[in-house]
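>
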């Protein structure tokens with residue numbers, strides 16, 4: 001035994017694929033007042049419905065009957081009134097469904113882990129855009145897949161091409177996308193690209209996992225139809241749809257209650273319920289009761305406030321980048337969400353730049369290689385404008401621009 005580190009057992013082979021989230025590690029910098037952090041996509045707590053949450057908890061706990069229910073174990077599927085509200089919300093998005101199509105999860109991150117556990121066997125191929133959400137790569141990689149790249153806007157790969165890459169002994173198992181204001185790029189898939197993805201999924205006979213964490217945060221124009229809504233229109237029923245929709249209240253109401261959901265065909269949901277039972281039995285019923293009250297009372301208002309609030313910060317960041325970044329640097333201009341994707345000149349290592357940025361100018365961001373399964377994209381980085389206010393954004397980008405220019 002190494003006395004410096006302590007005894008460890010012989011781990012499962014999959015443990016070697018588990019990596020710490022660079023974002024979660026960088027969040028520790030938020031406690032340092034000298035750091036301007038563009039790292040985590042943390043919702044601004046100024047938007048949290050504090051008074052409404054206090055009132056909702058008070059009402060749930062005021063009645064002895066309701067309090068006993070809320071503090072007790074519950075069914076794994078989730079709180080029925082909340083599932084009914086979500087089913088109604090999905091209906092407004094063009095997906096007619098019932099509570100039988102809804103499973104409540106501990107945020108959409110748990111949804112991704114459950115879906116990976118249900119669908120992925122070792123060696124099978126998962127199709128993802130590159131870059132893609134780091135948390136999805138973490139959730140899926142424990143099940144030992146291989147990854148192949150989706151190029152939905154400009155690519156022309158066929159189902160046969162993906163099948164050949166997967167190899168004779170394995171197969172393409174699922175596709176994963178963040179179609180709206182994606183983490184990390186901020187980009188949104190066109191309707192044509194969404195239709196191409198559904199065509200590809202049909203040809204490969206695979207499910208599509210649709211992560212919609214940022215879909216409600218649309219700053220301009222009308223939101224695009226969800227992949228699930230497009231697929232239900234094609235096949236005629238949620239129970240015939242191959243799209244598994246992952247939703248969350250974390251970016252619209254609050255992440256602290258840890259309430260997300262899966263909307264999918266009832267047979268898929270029934271199998272996911274078994275995984276939920278084995279994982280944690282049920283989400284906190286009291287938190288679900290509170291979230292139901294908040295969803296009924298403040299959801300639409302929260303979404304409207306968040307769109308206006310984050311649009312101002314997006315504008316401040318885009319303007320600051322234009323004013324302070326040197327030639328050779330490019331960036332995305334998102335129509336919603338919380339992120340800008342920045343590309344540095346070839347040969348500039350964003351991870352090395354981060355170390356200098358923290359030490360020399362007090363600015364943090366996430367190096368882009370974390371969002372690729374093969375660690376490419378070393379000259380890219382993700383900037384979040386969700387937490388710092390507009391003057392802080394301008395100051396932080398000014399500092400970062402000077403550092404990049406000096407390289």
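In my numbering, the protein residues as written are 1 to 407.
Every residue gets a Cβ at the ideal spot worked out from N, C-alpha and C, and that includes glycine.
Of all the options 162, 295, 100, which has the alpha carbon lying nearest to the alpha carbon of residue 239?
Translated into the one-based positions of the chain shown, residue 239 becomes position 239. When only C-alpha atoms are compared, the closest one is 100.
> Are residue 326 and residue 266 closer than 7 Å when you measure CB to CB?
For this step, residue 326 is matched to residue 326 along the chain shown. For this step, residue 266 is matched to residue 266 along the chain shown. No, the Cβ-Cβ distance between residue 326 and residue 266 is not below 7 Å.
> Could you compute how far the alpha carbon of residue 284 sits from the alpha carbon of residue 108?
Here residue 284 is taken as the residue at index 284 of the chain shown, counted from 1. Here residue 108 is taken as the residue at index 108 of the chain shown, counted from 1. Going from the Cα of residue 284 to the Cα of residue 108 covers about 15 Å.
> Quick test of the definition: if touching needs 3 or more C-beta pairs under 8 Å, does the stretch 206-213 touch the stretch 108-117?
Segments in contact, yes.
> According to DSSP, simplified to helix, strand and coil, what is residue 236?
Within the chain shown, numbered from 1, the residue matching residue 236 stands at position 236. Looking at residue 236 - three-state DSSP - the assignment turns out to be coil, as it is neither helix nor strand.
> Quick one: using the 10 Å Cβ neighbour count with 16 as the cut-off for buried, is residue 191 buried or exposed?
As a first step, residue 191 is located in the chain shown; it is residue number 191 there, counting from the start. Its Cβ having fewer than 16 others within 10 Å, residue 191 is exposed.
> Within 8 Å, do at least three Cβ pairs link the stretch 48-66 to the stretch 292-308?
Result yes; three or more Cβ-Cβ pairs closer than 8 Å.
> Give me the residue from 334, 379, 376, 329 with the minimum Cα distance to residue 397.
The sequence position of residue 397 within the chain shown is 397, counting from 1. Per the Cα distances, 329.
> Measure the alpha-carbon distance for residue 135 versus residue 120 and round it to whole angstroms.
As a first step, residue 135 is located in the chain shown; it is residue number 135 there, counting from the start. As a first step, residue 120 is located in the chain shown; it is residue number 120 there, counting from the start. Between residue 135 and residue 120, the C-alpha separation is close to 16 Å.
> Just checking, does the stretch 174-194 make contact with the stretch 215-230 on the three C-beta pairs under 8 Å criterion?
They touch, by the three-pair rule.
> What does the alpha-carbon distance come out to for the pair residue 127 and residue 231?
As a position in the chain shown, residue 127 is number 127, starting the count at 1. As a position in the chain shown, residue 231 is number 231, starting the count at 1. Their backbone Cα atoms lie some 18 Å apart in a straight line.
> Assuming residue 331 and residue 104 are in contact, meaning their beta carbons sit under 8 Å apart, how far apart are those beta carbons, in whole angstroms?
Numbered from its first residue, the chain shown carries residue 331 at position 331. Numbered from its first residue, the chain shown carries residue 104 at position 104. That pair is no contact at about 37 Å.
> Does residue 383 pass the burial test, meaning 16 or more other C-beta atoms within 10 Å, or should it be called exposed?
The residue given as residue 383 occupies position 383 in the chain shown. When all chains shown are included, residue 383 counts as buried.
> Pick from 348, 339, 354: whose alpha carbon is nearest that of residue 133?
Indexing the chain shown from 1 puts residue 133 at position 133. Of 348, 339, 354, the residue nearest in Cα terms is 339.
> Return the CA-CA distance between residue 409 and residue 251, expressed in angstroms with no decimal places.
It is not possible to answer for residue 409, since the shown part of the chain is limited to 1 through 407.
> Which of the three DSSP states is assigned to residue 199 in this structure?
Taking the chain shown and counting its residues from 1, one reaches residue 199 at position 199. DSSP places residue 199 in helix when its eight states are reduced to three.
> With C-beta atoms as the reference, is residue 122 less than 7 Å away from residue 144?
Along the chain shown, read from residue 1 onward, the residue named residue 122 stands at position 122. Along the chain shown, read from residue 1 onward, the residue named residue 144 stands at position 144. Contact: yes.
> Which residues in the same chain as residue 410 place their Cβ atom closer than 7 Å to its Cβ, once the five residues preceding and following it in sequence are excluded?
Coverage of the chain is limited to positions 1 through 407, which leaves residue 410 absent and any answer about it impossible.
> Under the three-state reduction of DSSP, which class applies to residue 211: helix, strand or coil?
Here residue 211 corresponds to residue number 211 of the chain shown, with the count starting at 1. Residue state, collapsed to three classes: strand.
> Report back the beta-carbon spacing between residue 90 and residue 218 to the nearest angstrom; my notes put them in contact at under 8 Å.
As a first step, residue 90 must be located in the chain shown, where it is residue number 90. As a first step, residue 218 must be located in the chain shown, where it is residue number 218. The Cβ separation is near 17 Å, so there is no contact.
> Could you check if residue 125 is buried or exposed, using at least 16 other CB atoms within 10 Å of its CB as the buried criterion?
Residue numbering aside, residue 125 sits at position 125 when the chain shown is read from its first letter. Buried.
> Tell me which same chain residues have a C-beta within less than 6 Å of the C-beta of residue 372, skipping the five on either side of it?
The residue labelled residue 372 in the question sits at position 372 within the chain shown. Cβ neighbours of residue 372 beyond the five flanking positions: 130, 131.
> With respect to the beta strand (DSSP E) encompassing residue 146, which residues constitute its N-terminal and C-terminal limits?
For the purposes of this step, residue 146 is taken as the residue at position 146 of the chain shown. Per DSSP, residue 146 belongs to the beta strand (DSSP E) from 146-149.
> Can you give the Cα-Cα distance for residue 67 and residue 60, rounded to whole angstroms?
To locate residue 67, count along the chain shown from 1; it is residue 67. To locate residue 60, count along the chain shown from 1; it is residue 60. Those two C-alpha atoms are separated by around 6 Å.
> Measure the alpha-carbon distance for residue 49 versus residue 147 and round it to whole angstroms.
For the purposes of this step, residue 49 is taken as the residue at position 49 of the chain shown. For the purposes of this step, residue 147 is taken as the residue at position 147 of the chain shown. If I take the Cα positions, the gap works out to 40 Å.
> Taking DSSP as the reference, what is the three-state secondary structure of residue 1?
Mapped onto the chain shown, residue 1 falls at position 1. Unreliable positioning characterises residue 1 in this predicted model, as indicated by a pLDDT of 48, which lies under 50. A coordinate reading is not provided.
> Do three or more CB pairs link the stretch 31-46 to the stretch 348-365 at distances below 8 Å?
Yes, the stretch 31-46 is in contact with the stretch 348-365.
> Given a cut-off of 7 Å, decide if residue 387 and residue 102 are closer than it, judged by their beta-carbon atoms.
One-based indexing of the chain shown puts residue 102 at position 102. One-based indexing of the chain shown puts residue 387 at position 387. In this structure, residue 387 does not lie closer than 7 Å to residue 102 by Cβ.
> Write down the C-beta distance between residue 381 and residue 350 rounded to the nearest angstrom, noting that I regard them as a contact closer than 8 Å.
Against the chain shown, residue 381 aligns to sequence position 381. Against the chain shown, residue 350 aligns to sequence position 350. Correct: roughly 4 Å between the Cβ atoms.
> Tell me where the alpha helix (DSSP H) around residue 111 begins and ends.
Indexing the chain shown from 1 puts residue 111 at position 111. Element bounds for residue 111: 107-119.
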